[in-house]
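Below is one structure; the comments refer to it alone.
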Amino acid sequence: MHTRRKLLADSAKVMALLAGAGLLPQTALAAWTQAAFEAKTVADAIKALGGGAPAESKDVTITGPDIAENGAVVPVGVATALPGVKRLAVLVEKNPSTLAAVFEVSDAVEASFNTRVKMGQSSNVLAVALMADGKVLFAQKEIKVTLGGCGG
387 MHTRRKLLAD SAKVMALLAG AGLLPQTALA AWTQAAFEAK TVADAIKALG GGAPAESKDV
447 TITGPDIAEN GAVVPVGVAT ALPGVKRLAV LVEKNPSTLA AVFEVSDAVE ASFNTRVKMG
507 QSSNVLAVAL MADGKVLFAQ KEIKVTLGGC GG
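Listed below in C-alpha cells is the structure:
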C-alpha cells in the first residue's frame with residue numbers, strides 16, 4: 387500500500403539522486419552590467435555596454451508619447467530590422483541613471499520591444515542598437531513629462 391509518507395520519501399530519494407548527478411535545473415540569473423545601469427551619462431552607459439561612438443540611424447526606431455501625463459509610467463517602444471543586432475537599449479538622457487532597459491538580441495529574436503520607463507523630467511529618450519560588428523546606432527525622441535516620476 388502506497389501512503390503519502392512513502393511517496394514523499396521516494397520523491398526525496400529521487401531528488402537526492404538527481405541533485406547528486408547534477409541533473410537538477412540551476413537557478414537562472416539575469417545577466418546585466420551593473421556599471422551600465424549606474425552610468426550617469428549616455429556616453430558612459432554606451433561605453434559600459436561595450437559600444438563606441440554612436441551614429442544616428444533611420445534603421446533604429448523609437449516610439450513614445452510626445453507628452454507623458456505621468457513620468458512614473460511612460461510607454462516606450464524600440465525596434466530595428468537590421469541583421470546582426472546584439473543588444474537593444476533604452477536610455478533616458480536626464481534620468482539619475484541613464485540606462486532604463488537593455489535587451490539581449492539574437493538573429494532568432496525580432497528586435498522589437500515595448501516597455502515602460504520612469505522619467506523624472508522632460509528629456510530625450512534614445513533607442514540604441516549595439517551591432518555585432520561593433521557599430522552603435524541610435525534614434526532619439528523628446529518626451530515631455532507633466533508629472534515627474536523620479537521623486538518629482
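Numbering (the numbering used here), first residue to last: 387 to 538.
Yeah, the Cβ is synthetic: ideal placement off N, Cα and C, and Gly gets one too.
Just so you know, these numbers come straight off a predicted model, no measurement behind them.
Rounded to whole angstroms, residue 525 and residue 492 show a C-alpha spacing of 20 Å. Taking 4 residues as the shortest admissible run, the stretch 415-487 contains the following complete alpha helix (DSSP H) segments, listed from N- to C-terminal end: 420-424, 428-434. Judged by their CB atoms, residue 448 and residue 513 are nearer to each other than the 8 Å cut-off. When beta bridges are read from the DSSP output, residue 526 appears opposite 512.
In the three-state scheme derived from DSSP, where H, G and I count as helix and E and B as strand, residue 498 is classed as strand. Note on geometry: alpha-carbon atoms of residue 409 and residue 396 lie some 17 Å from one another. Here residue 461 is not near residue 469, since their CB atoms are 8 Å or more apart. Within its own chain, the residues whose Cβ lies closer than 8 Å to the Cβ of residue 441, once the five positions on either side in sequence are excluded, are 521, 522, 523, 524, listed in chain order.
Contact between the stretch 500-512 and the stretch 474-482 is established, with three or more Cβ pairs separated by less than 8 Å.
In the DSSP assignment, residue 531 is bridged to 454. Around the Cβ of residue 435, a 10 Å sphere holds 16 or more other Cβ atoms; the residue is buried.
Counting of Cβ neighbours within 10 angstroms places residue 497 among the buried residues, the total reaching 16 or more. According to DSSP, residue 517 shares a beta bridge with 471. In this chain, the alpha helix (DSSP H) harbouring residue 397 covers 390-407. A distance below 7 Å between beta-carbons, with the five flanking residues on each side excluded, links residue 431 to the following residues of its chain, in chain order: 422, 425, 477, 484, 485.
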